[in-house]
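Numbered according to our numbering, the sequence shown spans residues 679 to 1068. Ideal Cβ positions, reconstructed from N, Cα and C, are used throughout, including at glycine. For clarity, every value in this text was computed on a predicted model and none was experimentally measured.
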Amino acid sequence: MNETASLRARAEIDLAALRANVRVLRERAAGAQLMAVVKSDGYGHGAVPCARAARAAGATWLGTATPHEALALRAAGLDGRIMCWLWTPGGPWREAIEADIDVSAGGMWALREIVVAAEAAGRPARVQLKADTGLGRGGCQPADWPELVGAARDAERAGHLRITGLWSHFACADEPGHPSIAAQLAVYRDLVAYAEKEGVDPEVRHLANSPATLTIPEAHFDLVRTGIAMYGISPAPELGTSAELGLRPVMTLAAAVALVKDAPAGHGVSYGHHYTTPADTTLGLIPVGYADGVPRHASGSGPVLVGGKVRTVAGRIAMDQFVVDLGGDRPEAGAEAVLFGPGDRGEPTAQDWAEAAGTIAYEIVTRIGARVPRVYVNETADEVTGGVPR
Ligand SMILES: *Cc1c(COP(=O)(O)O)cnc(C)c1O
């Protein structure tokens, strides 16, 4: 029995699987560099250990959404290239420039703040210009691109910044053949050509997320930005299962059964009595709930492996716990209940929970709460402690 067996719940993070996934993705995008996207605490897996493991497997870039996430990676000792893209006015531009982080500008306000911060820092910023090639979310509209590129080139000539990248993001890369894919590629190529004609000489041009890395080779350019696939989860079931894509899910969410008891036929179960025992049975109490990120929308439908059988959540998922009908089985209190994992021990997957909750597997892993300890397995000492003894 290992030291974690007594935990109420745990999210086991298999860093060997993560490293293997990074290698598979690098092969799929041979010729391009790989950015390991570790935003939102590494999609719930722990940003720093995952960043270290991804680096060990050859990821030359790390990517985050917010600057605070990027600064936290630096503070943890991660060196090399780090980029972040989700800025708001007054953000920590100067700190990011001083920490040698690539920042992103998708509008004129950002460029103006970058120039002021670079002057204060006394060194040029590394700036990646973001275009909206059709997603309709962040980034500069094509009509405004000449103004942004012109201002960035002026600032580059004045020594305030270096334009290190030109980039954009797909809307429908997870729907192969969607007409927006070819349209976005064409707009992206035009915008890159325009910037290069204006004298921009970027280190990296990039457009591909996980689904594009797996299915759109012409979108790989110099760099692919992989998040979900690195965590071993298929970006969309239509693209294939994890196994079909050569990926292995990194997170296993398990809990210790808290109580097993007899209940007579006709017994209401959990808040609202949305489940009633159909016969004399046994009930198992699973001590995780929506505060731990188990989606309440999967009440009555989420699957759990207990005592070798997949059971379904009986009634409502509460804040801290839910119940399964064990149909007369009597596992010991303390027995392991596996909500999801790679699937090869018969346990459900994050994709199964996504279907039960009416969402996507990205959300299932990312929402696992801070109350669930992350337990790293197959890690090297450096990945978890950064080389510092625990
Ligand atoms: C989250 C994110 C990614 C990674 O997307 P996946 O589908 O998880 O690979 C890539 N690029 C940007 C801009 C993102 O926000």
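In the structure shown, what three-state DSSP assignment does residue i receive?
i	result
S858	helix
E881	coil
A1015	strand
G758	coil
L685	coil
S888	helix
I841	strand
Y866	helix
V947	strand
M786	helix
R697	helix
L925	coil
A851	coil
R804	strand
A1048	coil
A992	strand
P745	helix
P915	helix
G828	helix
H975	helix
E1025	coil
P770	coil
A1096	The structure shown does not extend to residue 1096, since the chain is modelled only from 679 through 1068, so no value can be given for it.
D998	coil
A707	coil
P630	Residue 630 cannot be examined here, being either before or after the span of the chain that is shown, 679 to 1068.
A734	helix
G791	Per the sequence presented here, residue 791 reads as Glu, with Gly not at that position. Looking at E791 - three-state DSSP - the assignment turns out to be helix.
A1034	helix
Y968	helix
Should residue i be flagged as near chain C, meaning a C-beta pair shorter than 8 Å?
i	result
A698	Note that chain C does not occur in the displayed structure, where there is just one protein chain.
Tell me the DSSP bridge mates of residue i?
i	result
C818	A809
K987	V984
D692	V1055
V938	G962
S920	Note: S920 sits in no beta bridge, so no partner.
D1003	L961
Y1040	The partner list for Y1040 (beta bridge, DSSP) is empty, contrary to what the question assumes.
D780	M761
V902	L712 and A886
W739	M713 and R759
Y953	V947
L751	BP columns for L751 are empty, so no partner.
L931	A689 and F1018
Between the beta-carbon of residue i and the beta-carbon of residue j, is there less than 8 Å?
i	j	result
L826	L789	yes
L712	T738	yes
S846	G817	yes
T1063	R1008	no
L869	L892	no
T904	S920	no
R840	E876	no
T954	G944	yes
A687	V982	no
A907	L703	yes
P820	V781	no
G962	L1017	no
P880	T842	yes
V991	G1006	no
I779	R752	yes
V928	I691	yes
A890	L844	no
A689	I1046	yes
A710	F899	yes
A748	C762	yes
G1012	A932	no
A1034	I911	no
D1015	I964	Here the sequence assigns Ala to residue 1015, which means Asp is not the residue at that position. Closer than 8 Å, so yes.
Is the segment 724-733 touching the segment 937-945, taking contact as three or more C-beta pairs under 8 Å?
-> no
Contact the segment 996-1013 vs the segment 968-977: 3+ CB pairs below 8 Å = yes
If you pair each beta-carbon of the segment 1042-1059 with each one of the segment 964-972, do three or more pairs fall below 8 Å?
-> yes
Segment contact flag, the segment 790-800 with the segment 759-772, C-beta cutoff 8 Å, min 3 pairs | yes
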